[in-house]
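S.K.:
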Amino acid sequence: MTAAELLAQADALDAQAAAVRFDGTSSAALSRRAAELRVQALGAKPYPVLICASCARLTGWLSADGICAGDVRHQQQMAGEWIKVDDHRPPLPTDAGPFLRRLKRTLGIGGARDRSRAWLDRVEPGETGPIEPEEGWELELPVKHEERAPEGPDLLVCFDVASFRFEYGAWRPAEKTRGGKPRRLMPREFAASLPVVALAEAWNDFAAEVTAHNRRVWQAEAARRHGVWQAEKARHDAEELQRGTSDALG
Ligand SMILES: [Zn+2]
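Numbering (the working numbering), first residue to last: 1 to 250.
1. Beta carbon of S27, beta carbon of A15: below 7 angstroms?
2. Throw me the rounded Cβ distance for the G43 and A53 pair, which I believe falls under 8 angstroms.
3. Using only CA atoms, which one of G80, S246, I131 and F206 lies nearest to A221?
4. Short check: CB of P32 to CB of A56, under 7 angstroms?
5. Considering only the alpha carbon of each residue, which of L50, W229 and W61 lies closest to A35?
6. Is it true that the CB of V161 sits closer than 7 angstroms to the CB of V217?
7. Is there contact here, the stretch 4-11 with the stretch 143-160, by at least three beta-carbon pairs under 8 angstroms?
8. If V39 and L62 are in contact, beta carbons under 8 angstroms, what's the gap, nearest whole angstrom?
9. Less than 6 angstroms between C-beta atoms, sequence neighbours within five positions excluded: which residues of the same chain meet that for L141?
10. Short of 8 angstroms in beta carbon distance, which residues of its chain neighbour A212, apart from the five on each side in sequence? Order them along the chain.
11. Give, in chain order, every unbroken run of the alpha helix (DSSP H) that is at least 4 residues long and sits entirely within the stretch 8-47.
12. Pull every residue with its beta-carbon under 5 angstroms away from any heavy atom of ligand 1, and keep them in chain order.
13. Taking just the CA atoms, how far does C68 sit from E147?
14. Answer yes or no: do T128 and R215 have a C-beta to C-beta separation smaller than 7 angstroms?
15. Given a threshold of 16 other Cβ atoms within 10 Å of its Cβ, counted over all protein chains shown, does A79 qualify as buried or as exposed?
16. Are the beta-carbon atoms of R122 and P133 separated by less than 7 angstroms?
17. At which residue ranges does the stretch 154-233 contain complete beta strand (DSSP E) runs of 3 or more residues, listed in the order of the chain?
18. Measure the Cβ-Cβ separation of A231 and Y47 and say whether it is below 7 angstroms.
19. Report yes if the CB atom of A170 is closer than 7 angstroms to the CB atom of A118, and no otherwise.
20. Under three-state DSSP, which class holds R57?
21. Taking the Cβ atom as the reference point for each residue, do R73 and P150 lie within a distance shorter than 7 angstroms?
22. Just the C-alpha distance for R224 and H236, rounded to the nearest angstrom, thanks.
23. Taking only the alpha-carbon atoms, compute the straight-line gap between W137 and T177 and give it to the nearest angstrom.
24. Give me, in chain order, the residues of the same chain whose beta-carbon lies closer than 6 angstroms to that of E167; leave out the 5 immediate sequence neighbours on both sides.
25. Grouping DSSP H, G and I as helix and E and B as strand, with all else coil, what is G244?
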């Protein structure tokens, strides 16, 4: 079976699991089977691809009970033993740069070259967004941070996506994007003690998943714009033809 077929089958199992959950029957076995198909679809990797016993999501780190970090924290919180951990997440990356350039961009008077450079920093033109810089264009971008594991001595490397919008010639953090968040397949948390090459490959795979999402969003928008253009052209041609006919009759 191809990866796409495996994923389609996993989705079908998840839908089935959701349906039996609605009936009050246990759906854990179906969710687990769906997760196993997703592991198979990802293929052999140099980093761990594990299944959380609680939520059946793929993860790179499990507690002694086989549960992902998010669910362990949730359980600790429920049990009232939640300890506030320092937030090690760095501030979202924004476009830094000389103060004057930033000020110019903010005021919308940055040069066309600055604008184009900022655009090309994050867009593959014609692949993940329009060819020319476009005000209001939105992207999801991969971000990572480190935090303490909810149990044991591990430090975790956590991957996530953040929304950005191109405004006044720079990328600014946004609450969300019109295209929504990428579907979650890749594990998003790993022990920081893993070999660097394994972590690097996990990051590359995660980033590729986000890029594929941005590409799909742009392809759909490009098709929509092409449709609008074709309709405009057809209307224009029809008008021309009509004018030509009435000229001939007149
Ligand atoms: Zn979980």
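No residue lacks a Cβ here, since even glycine has one placed at the ideal position from N, Cα and C.
M.R.: With the structure as the only source:
1. No. Outside cutoff.
2. Not really, about 23 angstroms apart at Cβ, beyond 8 angstroms.
3. It is worth fixing the name first, because residue 221 is Glu in this sequence and not Ala. Answer by Cα proximity: I131.
4. Note that residue 32 is Arg in the sequence shown, not Pro. Contact check for R32 against A56 passes: the beta carbons are separated by less than 7 angstroms.
5. Among L50, W229 and W61, the Cα nearest to that of A35 is on L50.
6. The answer is no: Cβ separation not under 7 angstroms.
7. With a cut-off of 8 angstroms, the stretch 143-160 and the stretch 4-11 do not count as touching, because too few Cβ pairs lie within range.
8. In this structure, V39 and L62 do not form a Cβ contact; the two beta carbons are roughly 13 angstroms apart against a cut-off of 8 angstroms.
9. Excluding sequence positions up to five before and after L141, its CB lies within less than 6 angstroms of the CB of A162 and F164, all in the same chain and listed in chain order.
10. Counting only Cβ-Cβ distances below 8 angstroms, and skipping sequence neighbours, we find P182.
11. As far as the stretch 8-47 is concerned, its whole alpha helix (DSSP H) runs of at least 4 residues are 28-42.
12. Ordered along the chain, residues surrounding ligand 1 are C52, S54, C55, C68 and D71 [Cβ under 5 angstroms from any heavy atom].
13. So the two alpha carbons sit approximately 14 angstroms from each other.
14. Yes. Within cutoff.
15. Flag for A79 reads exposed.
16. At least 7 angstroms separates the beta-carbon of R122 from that of P133.
17. Listed in chain order, they are 155-167, 170-173 and 189-191.
18. No, they are not a contact pair.
19. Against a cut-off of 7 angstroms, the Cβ pair of A118 and A170 comes out as a contact.
20. It is coil, neither helix nor strand.
21. The answer is yes: Cβ separation under 7 angstroms.
22. Taking the CA atoms as reference points, R224 sits about 18 angstroms from H236.
23. CA-CA distance, W137 to T177, rounds to 9 angstroms.
24. Contacts found: none.
25. Helix at G244.
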